[in-house]
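The structure appears right after this line, and notes come after that.
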Amino acid sequence: MKNYKEVADSVFERRKQYEIIKRKKTKILFRSLTPICCVCLIVLLGVGTWKSGIFTQEIPTSQPESVADGAESGNSQSTDTVSGDNSSKQQNSSSENNDTSNSQAGTFDLCGVVYYNGRYYVQKDSVRKECVVVRDKKIGTGNDFEGTYNYECLKKLYEEHGLEYRSEYYIESEIYTVKDNPDLLCVVLSNGGFVVLEAE
Amino acid sequence: MDNGASSYRRFLEGDDDGVVEIIKDYKDGLMLYLNNYVQNIHIAEDLMEDTFVRIVIKKPRFSGKSNFKTWLYAIGRNIAVDYVRKNAKVCEISAEGASDIIRDETDVEKEYLKDERKILLHKTLANLNTDYRTVIYLIYFENFSIAETAEIIKKSYKQTENLVYRAKKSLKSQLETEGFVYEEL
Chain A
30 MKNYKEVADS VFERRKQYEI IKRKKTKILF RSLTPICCVC LIVLLGVGTW KSGIFTQEIP
90 TSQPESVADG AESGNSQSTD TVSGDNSSKQ QNSSSENNDT SNSQAGTFDL CGVVYYNGRY
150 YVQKDSVRKE CVVVRDKKIG TGNDFEGTYN YECLKKLYEE HGLEYRSEYY IESEIYTVKD
210 NPDLLCVVLS NGGFVVLEAE
Chain B
7 MDNGASSYRR FLEGDDDGVV EIIKDYKDGL MLYLNNYVQN IHIAEDLMED TFVRIVIKKP
67 RFSGKSNFKT WLYAIGRNIA VDYVRKNAKV CEISAEGASD IIRDETDVEK EYLKDERKIL
127 LHKTLANLNT DYRTVIYLIY FENFSIAETA EIIKKSYKQT ENLVYRAKKS LKSQLETEGF
187 VYEEL
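First to last, the protein sequences are chains A and B. To convert, count from 1 in the first sequence and add 29; that's the working numbering. To convert, count from 1 in the second sequence and add 6; that's the working numbering.
Structure representation (structure tokens):
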């Protein structure tokens with residue numbers, strides 16, 4: 030049996046041990062808290078950046094968009110690399126054609142269409158990335174065919190939709206056949222853009 | 007007499023001697039009280055120490071509504087009840103250990119009670135159930151009132167009163183069986 034002094038000593042010793050353990054735990058807690066906070070911060074930053082849409086933005090292709098000059102001579106062949114992104118970009122530039130700023134009131138998105146040889150050639154998303162288009166012969170300008178590259182047709186289309194048509198919406202264009210592929214047409218716009226149309 | 011309240015206040019103000027005084031005054035009584043729950047004087051000693059450790063580490067607030075001793079015994083009871091609950095299924099005592107325990111317990115009792123009749127009574131008490139043993143110990147050995155006892159064992163006044171009545175009756179019958187006559191019971 031312990032006397033009261035031994036009990037008191039034992040009690041104070043246990044208090045000392047408890048305080049040492051408590052101090053250690055606090056130390057460990059703070060030590061582990063720092064990397065946990067860092068990880069949380071990184072995760073938050075990552076989520077924030079992801080949500081801001083930086084990673085989901087469309088990256089414009091680095092491929093040249095211009096069509097080789099030789100194509101205009103009719104006999105030479107040029108190779109253009111068309112990507113899906115490019116195509117969609119052209120879709121805007123051709124269909125809105127015509128409409129440089131989509132934010133303007135009274136405009137709408139148009140899909141490029143040309144009526145040629147009894148078939149409708151339509152701008153499609155199916156023209157995939159890295160699709161190689163070899164331009165062949167010039168078959169005329171946009172105004173020579175029915176479709177969205179025709180000034181009168183475009184104007185009529187706007188009027189049918191009850192929208193005001195402005196002359197600056199129209200962009201002059203030249204239409205070419207595509208070598209070895211009668212189902213495709215290539216539209217070269219005067220603003221430097223081009224669109225590939227596919228027969229339906 | 008403030009029964010240790012001033013010592014505890016001194017301890018809270020930073021004087022460790024306050025706790026030493028409390029340990030000196032209440033160590034044996036608390037240990038014997040806790041022995042009623044665990045029936046092992048060594049475990050009761052550990053629990054008594056745990057009670058003082060809890061006071062020293064946690065520094066619980068003593069409001070002064072009750073006697074300091076009542077408050078201290080209530081803390082000790084909580085610790086003992088927790089212990090009994092945790093170790094309800096464990097009961098390992100070797101033959102040698104058991105004889106040591108009995109000898110130690112008798113020594114402490116002798117020193118604390120210093121009365122042969124009380125010692126005999128205390129031994130008879132050991133045969134009663136825990137609740138009876140506890141209330142009789144608190145009321146007749148530690149001189150707590152029924153209200154204070156009720157506070158320590160966390161029962162109502164009426165329940166405690168009934169418990170004391172039944173405990174006395176049970177003790178009386180046991181003492182009579184052993185041929186012991188105690189007028190006060």
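Where a beta carbon is used, it is the ideal one built from N, C-alpha and C, also for glycine.
Rounded straight-line distance, which links the Cα of residue 42 of chain A to that of residue 15 of chain B
On the second sequence, residue 15 of chain B is found 9 positions in, with the first residue counted as 1. On the first sequence, residue 42 of chain A is found 13 positions in, with the first residue counted as 1. Rounded to the nearest angstrom, the two C-alpha atoms are 21 Å apart.
Excluding sequence positions up to five away, which residues of its chain have a Cβ less than 8 Å from the Cβ of residue 21 of chain B?
If you number the second sequence from 1, residue 21 of chain B lands on position 15. Within the same chain, residue 21 of chain B has no close Cβ partners at all.
Alpha carbons only, please: which of B:10, B:67, B:72 is nearest the one belonging to residue 157 of chain B?
The residue labelled residue 157 of chain B in the question sits at position 151 within the second sequence. When only C-alpha atoms are compared, the closest one is B:72.
To the nearest angstrom, report how far apart residue 86 of chain B and residue 52 of chain B are at their CA atoms.
Within the second sequence, residue 86 of chain B is the residue found at index 80, counting from 1. Within the second sequence, residue 52 of chain B is the residue found at index 46, counting from 1. Looking at the two C-alpha atoms, the distance is approximately 10 Å.
Extent of the continuous beta strand (DSSP E) run through residue 145 of chain A
For the purposes of this step, residue 145 of chain A is taken as residue 116 along the first sequence, with counting starting at 1. Run containing residue 145 of chain A: 142-145, per the beta strand (DSSP E) assignment.
Chain A residues whose Cβ lies nearer than 7 Å to that of residue 19 of chain B:
Position 13 of the second sequence holds residue 19 of chain B. What residue 19 of chain B touches in chain A: nothing, since even the nearest Cβ is about 16 Å away.
Element boundaries [alpha helix (DSSP H), containing residue 5 of chain B]
Absent from the structure is residue 5 of chain B, since the part of chain B shown begins at 7 and ends at 191.
Proximal chain B residues relative to residue 43 of chain A, where beta-carbon distance stays under 7 Å
Mapped onto the first sequence, residue 43 of chain A falls at position 14. Result: 59.
Could one say the Cβ of residue 31 of chain A lies closer than 8 Å to chain B's Cβ atoms, at least one of them?
Position 2 of the first sequence holds residue 31 of chain A. Taking Cβ atoms only, chain B reaches closer than 8 Å to residue 31 of chain A, which makes this a yes.
Among B:167, B:178, B:33, which one has its Cα closest to the Cα of residue 128 of chain B?
Residue numbering aside, residue 128 of chain B sits at position 122 when the second sequence is read from its first letter. Among B:167, B:178, B:33, the Cα nearest to that of residue 128 of chain B is on B:178.
Can you tell me which of the three DSSP states residue 22 of chain B falls into?
By 1-based counting over the second sequence, the position of residue 22 of chain B is 16. Looking at residue 22 of chain B - three-state DSSP - the assignment turns out to be coil, as it is neither helix nor strand.
Name, please, each residue of chain A whose Cβ falls closer than 8 Å to the Cβ of residue 148 of chain B.
Start at 1 with the first residue of the second sequence, and residue 148 of chain B comes out as number 142. The premise fails here: residue 148 of chain B is roughly 18 Å from chain A at the closest Cβ pair, so nothing lies under 8 Å.
Among all the DSSP beta bridges, which residues are the ones paired with residue 151 of chain A?
Taking the first sequence and counting its residues from 1, the one referred to as residue 151 of chain A is at position 122. Answer is A:142, A:227, bridged to residue 151 of chain A.
Member of B:34, B:63, B:168, B:170 whose CA lies at the smallest distance from the CA of residue 75 of chain B:
For the purposes of this step, residue 75 of chain B is identified with residue 69 of the second sequence, where counting begins at 1. Among B:34, B:63, B:168, B:170, the Cα nearest to that of residue 75 of chain B belongs to B:34.
Applying the 10 Å Cβ sphere with the 16-neighbour rule, what's the burial state of residue 183 of chain A?
Counted from its first residue, the first sequence places residue 183 of chain A at position 154. Buried, since its Cβ has 16 or more Cβ neighbours within 10 Å.
Starting from the C-beta of residue 11 of chain B, find all residues in its chain whose C-beta is less than 7 Å away, skip the five residues before and the five after it, and write them out in chain order.
Taking the second sequence and counting its residues from 1, the one referred to as residue 11 of chain B is at position 5. Closer than 7 Å at the Cβ level, and outside the excluded window around residue 11 of chain B, lie 68, 70, 74.
Any beta-carbon of chain B closer than 8 Å to the one on residue 39 of chain A?
Within the first sequence, numbered from 1, the residue matching residue 39 of chain A stands at position 10. By this cut-off, residue 39 of chain A is an interface position.
Do residue 155 of chain B and residue 145 of chain B have their CB atoms nearer than 8 Å?
For the purposes of this step, residue 155 of chain B is identified with residue 149 of the second sequence, where counting begins at 1. For the purposes of this step, residue 145 of chain B is identified with residue 139 of the second sequence, where counting begins at 1. Yes.
For residue 56 of chain B, count neighbouring C-beta atoms within 10 Å of its own C-beta (all shown protein chains included) and say buried if the count is 16 or more, exposed if not.
Residue 56 of chain B sits at position 50 when you count from the first residue of the second sequence. With 16 or more other Cβ atoms within 10 Å, it is buried.
Consult DSSP for residue 164 of chain A and reduce its assignment to one of helix, strand or coil.
In the first sequence, the residue the question calls residue 164 of chain A occupies position 135. Residue 164 of chain A: strand per DSSP, three-state reduction.
Give me the Cα-Cα distance between residue 181 of chain A and residue 81 of chain A, rounded to the nearest whole angstrom.
Your numbering for residue 181 of chain A matches position 152 in the first sequence. Your numbering for residue 81 of chain A matches position 52 in the first sequence. Rounded to whole angstroms, residue 181 of chain A to residue 81 of chain A spans 42 Å at the Cα level.
Measure from the alpha carbon of residue 62 of chain B to the alpha carbon of each residue in A:39, A:63, A:62, then state which is nearest.
By one-based count along the second sequence, residue 62 of chain B stands at place 56. When only C-alpha atoms are compared, the closest one is A:39.
Can you give the Cα-Cα distance for residue 83 of chain A and residue 73 of chain A, rounded to whole angstroms?
As a first step, residue 83 of chain A must be located in the first sequence, where it is residue number 54. As a first step, residue 73 of chain A must be located in the first sequence, where it is residue number 44. Looking at the two C-alpha atoms, the distance is approximately 15 Å.
In chain order, what residues of the same chain lie with their CB nearer than 8 Å to the CB of residue 137 of chain B, ignoring the 5 residues before and after it?
For the purposes of this step, residue 137 of chain B is taken as the residue at position 131 of the second sequence. Cβ within range, chain order: 159, 169, 173.
Chain-ordered neighbours of residue 88 of chain B on chain A, where CB pairs are closer than 7 Å:
Position 82 of the second sequence holds residue 88 of chain B. Ordered by position in chain A, no residue passes the 7 Å Cβ test against residue 88 of chain B, which lies about 17 Å from the chain.
Using DSSP with H/G/I as helix, E/B as strand and the rest coil, what is residue 77 of chain A?
Taking the first residue of the first sequence as position 1, residue 77 of chain A is located at position 48. Helix at residue 77 of chain A.
Burial state of residue 102 of chain A, where buried means 16 or more other Cβ atoms lie within 10 Å
By 1-based counting over the first sequence, the position of residue 102 of chain A is 73. With a pLDDT of 39 at residue 102 of chain A, under the threshold of 50, the modelled position of this residue cannot be trusted, and the question is left open.
Find the residues of chain A that neighbour residue 63 of chain B, judging by a C-beta separation of less than 7 Å, and give them in chain order.
Taking the first residue of the second sequence as position 1, residue 63 of chain B is located at position 57. Simply 44, 47.
Just how far apart, CA to CA, sit residue 177 of chain A and residue 66 of chain A?
Along the first sequence, one-based indexing puts residue 177 of chain A at 148. Along the first sequence, one-based indexing puts residue 66 of chain A at 37. The alpha-carbon atoms of residue 177 of chain A and residue 66 of chain A are separated by roughly 57 Å.
Following the continuous beta strand (DSSP E) through residue 189 of chain A, name the residue where it begins and the one where it ends.
For the purposes of this step, residue 189 of chain A is taken as residue 160 along the first sequence, with counting starting at 1. Residue 189 of chain A -> not in any beta strand (DSSP E); alpha helix (DSSP H) instead, spanning 180-189.
When you measure from the CB of residue 46 of chain A to every non-hydrogen atom of the ligand PLP, does any distance come out below 7 Å?
You won't find the ligand PLP in this model; it holds no ligand whatsoever.
Would you report the Cα separation of residue 68 of chain A and residue 64 of chain B, rounded to the nearest angstrom?
As a working mapping, residue 68 of chain A is identified with position 39 in the first sequence. As a working mapping, residue 64 of chain B is identified with position 58 in the second sequence. C-alpha separation (whole angstroms): 35 Å.
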